[in-house]
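J.: Residue numbers (the numbering used here), protein chains in the order written: chain A, 1 to 212; chain B, 213 to 424; chain C, 425 to 755; chain D, 756 to 1086. Built from N, CA and C at the ideal position, the CB exists for glycine as well. Computed from a predicted structure; not experimentally measured.
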Ligand SMILES: Nc1ncnc2c1ncn2[C@@H]1O[C@H](COP(=O)(O)OP(=O)(O)O)[C@@H](O)[C@H]1O
Ligand SMILES: Nc1ncnc2c1ncn2[C@@H]1O[C@H](COP(=O)(O)OP(=O)(O)O)[C@@H](O)[C@H]1O
Ligand SMILES: [Mg+2]
Ligand SMILES: [Mg+2]
Ligand SMILES: [Mg+2]
Ligand SMILES: [Mg+2]
C-alpha cells in the first residue's frame, strides 16, 4: 500500500467526505430512527462527524493509526447515545491494529477488531437488527476477498460495501432484539435499522475516496 | 291578568320552554363566548336552567313570586361565573315586586327592578357590550308601552323583545368595557355579546309561552 | 379532542376526587360541594385564608391548601367562578372564629360571587375580608372598565397571606400583607396554542402555525394582540419589559421572578425563557432574590407562559421564606 | 413546530443555563460540559449519587440535584445519552472520596457510556458502582434482548439512594437500597400524542385523532401497541393492571403510587387518572402508603402519562420520607 503521507491525505479526504455525506443524510437517518427509535441518529452522527471534521488540521502530523484513534475519541467525546460508544469506542480500540501503518493485512485485522468490539460492547448477535447486521457481512467478505481470493484491497472493499448493503436490507424484515427498536417488539418489523444504514453510508464514502 | 293557578302554569311552561331552548342554543352561546370570552356561557346557562327545570314539580304549590325567586336562587346555586349572580341575583331581588301576583303594573316594576339589580351588581353602563345593552331597550320599551301607550302586556312584551334584539345587534360593533370581553380591548369589536344574546333568547321563549 | 378524561361533565368532580385520593391526609372535600379544605382544619386560633375560582388552573387553587398557605379552595366548573353558595360553605367551614380572608382574582364572575358569599357568611356571623388581585399588565387599567385580570401573581398573594396567618397575624394584618403583595406584583402572559375545554372539545380560538397570542389571561380567552411567532428570547423580552415598566422598578430593588407555564409547555422551555428573563432583570439593575419556574397557574393544556415580577421588602421576603407544606408547594 | 425556544441546537445549553439562573445557590455547571452538580458539593464524608441521560425529561435529571437526592446530573442532547467523557467528569466532580453510585436507566446508549465513564473514573482512583433501572413492564423481559427500559420508577431509586447516602450509608449500602427499589418498582406508560424534538421539528410518530399508543418509553419512541382512544378510567385500568400483575403484589402489601405526566398533559387530567388508579390498587387489597402525582419524568411536550407502583417495606418508607431539598422535590 501507499506510504504514510499518501495514506494520511486519503484518511483526511475520507473523513471530510464522510462528514459531508452524513450532513446530507442527516434527516434521512433521523427519519429512520423516528420510525423505530427516538429520532436522533442523524443528529448524533452529524454532531460526531462535524467534530471530527473540525480536527482534520491536527491530523497533519499524525500517523494513520493515531488519526483513526483520534476520530474514535472525538466521536466518544461528542456523540453520546448508543452510536457514540459503538462507533467511537470500536474505532479507538481497533486503531491499535494500524500501529504499523495500513496494509492489506492490517486492514483485515482492523476490520475484525472493529466488529469484535462492536459485538463486545453492544452484545448484539447477527439478526438483532443493528449495525452488526451490516458490519458482519462486510467484514467477512473483506477478509475472504483479501486473504483467500487475493483481491486487491480496493476491489475487496468494494465487495464489502455490496455485502453491507445486503446487510442493511436484511434488517428490514426482521424483529429488533437490541437497541431502542427492541422496545417495539414486533412493530419493529418492516423498518430499516438506522445504525446499519449509517455504517453503509460511511463505507460508501470511504470507498469513493479510495477510488479517487 | 289571569288568576294565580293560570299564572303558575304559564310560569312553569315558560321555564320549561326556556330550558329546552337554552339546550338547543348551548353551543351557539358557547361559540359566541369563545370569540371574546372563555367559552362557557352556553354551558353555564344550560347548567342553570337544567337545575331549574328539575325543580318545576316543587313549583306546584308556590306563588308566582316564589317561583321566580326559586328560579333565581337555583341559578345562583348552580351557575357561578358572571351569569350566575347577574341572572340569579337579579331574579331573586326583583321577585319581590311580584309578591302580590303578576299584573301589568307589577310586571313593569319587576322589569325595572331586574335591570337595576343587574346594573348595580355588574356596574356596567349601556354600551359596555353586556346583557345591559339588551335589557335596557327592552325594559324601557316595555314600561313605555304599558304605562304611556296603554298596550296590553303581551303586545308590550312583544315590542320589548324586538327592542332587545336591536340591543343584541348593537353589541356587535362596539368595544367591551365590562366582563371578560373587556380584556380583549379593541379586539372585542365585531363580536356579539353572549349574555345579551341569552337575555334575548329567554325573552323570546317567555313571549312564545305567553302567546300560547 | 384527546384528553385523559371520562365524561367531560365529570371533569371537575373526578379531578377533585383524584386530588383527595392522592392526599387523603391533607385534603377533605365538603360533602356535596366542589370545595376542598384542610383535612386538619379549621385550625384553632388562626385566621383562615381561602381562595377559589374556575377549574382548569391546576395546581391552583386546591394544590396550595396546607400549612402556611390556603385553608380552603373552591373550584367552579372549568373557567367558571364557583357559585356564591359554595363559596359561602367554604368560608364557613374554614373559619375558626378568627375571621376569613378571601383572595379573589379580578373577574366579574369571581368578584360578584365572592361578594354574595361574603354577605351570606356575614349573616352567619363570620368575619370576612376580601382582597382582589389584578396583576395582569396586558389589560389597560381604567376606571371605566372591569380593570385588570388577576393571574399568576395570585400565588404570591396566597403565600404571604398564608404565612402571615400561620404566624398568628390578625385578619387585618393578613389582609394588609396580601394587599402589599398585590400592590407590588405584575404579570404578563402569552400563548403558543389555545387550550381545549373539555365541554367544548375544541380550541377556544384558532391560531396559525406561525402565530402567537400576547397578553392572554388564564381562561383560554384570546390575548390583546396576535403576532408572528417569536423566539423564546423575544417572548421573554416582550413580557418582562412590559412587566418591569408597569411595576416602575428602580435600580437596586429586590424582586422575585416567576416563569409560569400554561399547562402544555414543558419545563425545559420555561427554563429557556427564564434564562433570558434573568438577563433582562439583571440588566435593569435589579437584584433577583428568588426565582420560581414551573406550572403554578395554568390554562388546561394551553402552551405558553407568563412572567411575573414581585418587588419584595424584608417583610415580604420573610413571609415568602416561611415554611409551607402543601401538595404543590413546600419550603 | 411551535416552541418557546431559540436556535434548536442551543436547546439543551440554554435550558441548563436557565436552570442555573433559577437556582444559583443550588446548582453549578461544570465548565464546558452539560453536567450540573450541587453548588455546595462534593459533600465531605458522603457517598455521591449521580444520574444522567438524554435531555427532554425535565425536571429529570438535574431538577433532583440537592440535599437528600442527587449530587450531579449529566444531560445529553435531547433523548441522547451523555458522552462517556462528560459522565466521567461528573463522577470525578461529585466524588468526595467515599465513592459514587451511578443510577443508570436501561438503554444501551446510557449503559455503554456509563460503563466507559466508570472505567475512566476507575483509572483516576474513584470508586464507582452502578445500578441499572428497568421498570418498564411494557417491554418483554428477555435474556436475548436489551431488556426493559428504565422509566419513571427511576425517581424512587434516586430518592432512596440519595437518602441513604445523606444518612451516611457506605457505597455498598447505598447501592443495596437502590437495588431494593429497582426490584420492587414497575411502570407502564401511554401517549395521546407524539412529542416533537426541537431538532427534528415535527412529530416523531403520527397518531390519528382517535388513536393512542400504549407501552411507550420516555424518548418519544412509539409504544408496543396502538389502540383506539380510551377513557381515563380505561387507561388507568390498563396501565395499573399490567404494573400490578408484573409486580406480583399480594394482599395487604404497602405501596407507593406515582401518576407521572409526560409533559404536555395538565395536572387536572393526571388527578382524573389517579382517581381510578387508587380505586384499582385498593380493590387489589393493597395499602397505599403514599401517592405522587405530577410531571417527574417527561418526554418533552408529549401528552400522556405513566403509572408506577413501588412496593415498600419499613426501610424504603423511611428513606422515602427522609428530608430532601431539590428544585423539583422537597420534603
Ligand atoms: N446493542 C447494540 N449493538 C449494536 N448496535 C446497536 C446496539 N444498540 C443500538 N445499536 C445501533 O445504534 C443505532 C441507534 O443509534 P442512535 O440513534 O444514535 O442511539 P440511541 O439509540 O441511543 O438513540 C441503532 O440503529 C443500532 O444500529
Ligand atoms: N359587569 C357586567 N355587567 C353586566 N353583564 C355582564 C358583566 N360581566 C359580564 N356580563 C355578562 O355576562 C356574560 C358572560 O357570562 P358567562 O360567560 O356565563 O360568565 P363568565 O364571564 O364568568 O365566563 C357576558 O356576555 C355579559 O353579557
Ligand atoms: Mg436514536
Ligand atoms: Mg364565559
Ligand atoms: Mg367563565
Ligand atoms: Mg437517542
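Quick check on the burial criterion: 16 or more other C-beta atoms within 10 angstroms. Buried or exposed for residue 692(C)?
T.: buried
J.: Touch check for the segment 852-869 of chain D and the segment 986-995 of chain D: three-plus C-beta pairs under 8 Å?
T.: no
J.: Give a yes or no on contact between the segment 386-396 of chain B and the segment 561-577 of chain C, applying the rule of three or more CB pairs nearer than 8 Å.
T.: yes
J.: Mind checking the segment 682-704 of chain C against chain D and listing, in chain order, the residues whose C-beta falls within less than 7 Å of any C-beta there?
T.: 687, 688, 689, 690, 691, 692, 693, 695, 696, 697, 698, 699, 702
J.: Is residue 904(D) close to chain A, meaning its C-beta is less than 8 Å from at least one C-beta of that chain?
T.: yes
J.: Measure the C-alpha to C-alpha separation of residue 658(C) and residue 143(A) and round it to an integer number of angstroms.
T.: 58 Å
J.: Would you report the Cα separation of residue 176(A) and residue 187(A), rounded to the nearest angstrom?
T.: 9 Å
J.: Starting from the C-beta of residue 531(C), find all residues in its chain whose C-beta is less than 6 Å away, skip the five residues before and the five after it, and write them out in chain order.
T.: none
J.: Leaving aside the five residues before and after residue 590(C) along the sequence, list all residues of the same chain whose C-beta is less than 6 Å from its C-beta, in chain order.
T.: In its chain, beyond the 5 residues on either side, 492 have a beta carbon closer than 6 Å to the beta carbon of residue 590(C).
J.: Mind reading off the beta-carbon distance from residue 628(C) to residue 246(B)? Whole number of angstroms is fine, and I expect it under 8 Å.
T.: 5 Å
J.: Whether or not the segment 682-700 of chain C and the segment 716-732 of chain C are in contact is what I'm after, with contact meaning three or more pairs of Cβ atoms, one per stretch, closer than 8 Å; do they touch?
T.: Judged by Cβ distances under 8 Å, the segment 716-732 of chain C makes contact with the segment 682-700 of chain C, as three or more pairs qualify.
J.: Under a CB-based cut-off of 8 Å, is residue 633(C) close to chain D?
T.: Closer than 8 Å to some Cβ of chain D, the Cβ of residue 633(C) qualifies, so yes.
J.: Looking only at its own chain, which residues have a Cβ that is under 6 Å from the Cβ of residue 48(A), when we skip the five neighbours before and after it?
T.: 75, 78, 79
J.: Three or more C-beta pairs under 8 Å: does that hold for the segment 1027-1045 of chain D against the segment 922-939 of chain D?
T.: no
J.: With 16 other CB atoms within 10 Å as the buried threshold, where does residue 315(B) fall?
T.: exposed
J.: Can you pull the chain D residues whose beta carbon is under 8 Å from the beta carbon of residue 166(A), in chain order?
T.: Going along chain D, no residue has its Cβ under 8 Å from residue 166(A), so there is no contact; the nearest lies around 24 Å.
J.: List the endpoints of the continuous alpha helix (DSSP H) containing residue 219(B).
T.: 216-248
J.: Quick one: is the Cβ of residue 781(D) within less than 7 Å of any heavy atom of ligand 3?
T.: no
J.: Can you look up residue 314(B) in the DSSP assignment and give me helix, strand or coil?
T.: coil
J.: Please compile the residues from chain D whose C-beta is within a distance smaller than 8 Å of the C-beta of residue 755(C).
T.: 1085
J.: From this set, 415(B), 342(B), 357(B), which residue's C-alpha is nearest residue 401(B)'s C-alpha?
T.: 342(B)
J.: Are residue 198(A) and residue 62(A) touching if we call contact CB-CB under 8 Å?
T.: no
J.: Pull out every residue of the segment 380-394 of chain B whose Cβ sits closer than 9 Å to any Cβ of chain C, in chain order.
T.: Residues passing the 9 Å Cβ filter: 388, 389, 390, 391, 392, 393, 394.
J.: Starting from residue 77(A), find everything on chain D with Cβ-Cβ shorter than 7 Å and list it in chain order.
T.: 838, 840
J.: Using the three-state DSSP reduction, which class does residue 294(B) fall into: helix, strand or coil?
T.: coil
J.: Count the CB pairs spanning the segment 813-832 of chain D and the segment 787-798 of chain D that are closer than 8 Å, and state whether there are at least three.
T.: yes
J.: Identify every residue that forms a DSSP beta bridge with residue 453(C).
T.: 460(C)
J.: Output, in chain order, the set of chain G residues within a Cβ distance shorter than 8 Å of residue 334(B).
T.: You won't find chain G in this structure, because its protein chains are A, B, C and D.
J.: Is residue 261(B) near ligand 5 - that is, is its Cβ less than 7 Å away from at least one heavy atom of it?
T.: No; taking the cut-off as 7 Å, the Cβ of residue 261(B) has no heavy atom of ligand 5 nearer than that.
J.: For residue 570(C), return the contacting residues in chain B, with the cut-off set at a CB-CB distance below 7 Å.
T.: 390, 391, 394
J.: Within the present structure, is the beta-carbon of residue 329(B) separated from the nearest heavy atom of ligand 2 by less than 7 Å?
T.: no
J.: So does residue 865(D) have its beta carbon nearer than 7 Å to some heavy atom of ligand 6?
T.: Every heavy atom of ligand 6 is 7 Å or more from the Cβ of residue 865(D), so no.
J.: Just list the residues that DSSP pairs residue 525(C) with in beta bridges.
T.: 473(C), 553(C)
J.: If you scan the segment 969-1009 of chain D from start to end, which runs of the beta strand (DSSP E) of 3 or more residues do you find wholly inside it?
T.: Qualifying beta strand (DSSP E) stretches, in chain order: 980-983.
J.: Hey, quick one: how far does the beta strand (DSSP E) through residue 615(C) stretch, first residue to last?
T.: 609-615
J.: Determine the chain D residues that contact residue 17(A) at a beta-carbon separation under 8 Å, and present them in chain order.
T.: Within chain D, no residue comes near residue 17(A); the closest Cβ sits about 23 Å away, beyond 8 Å.
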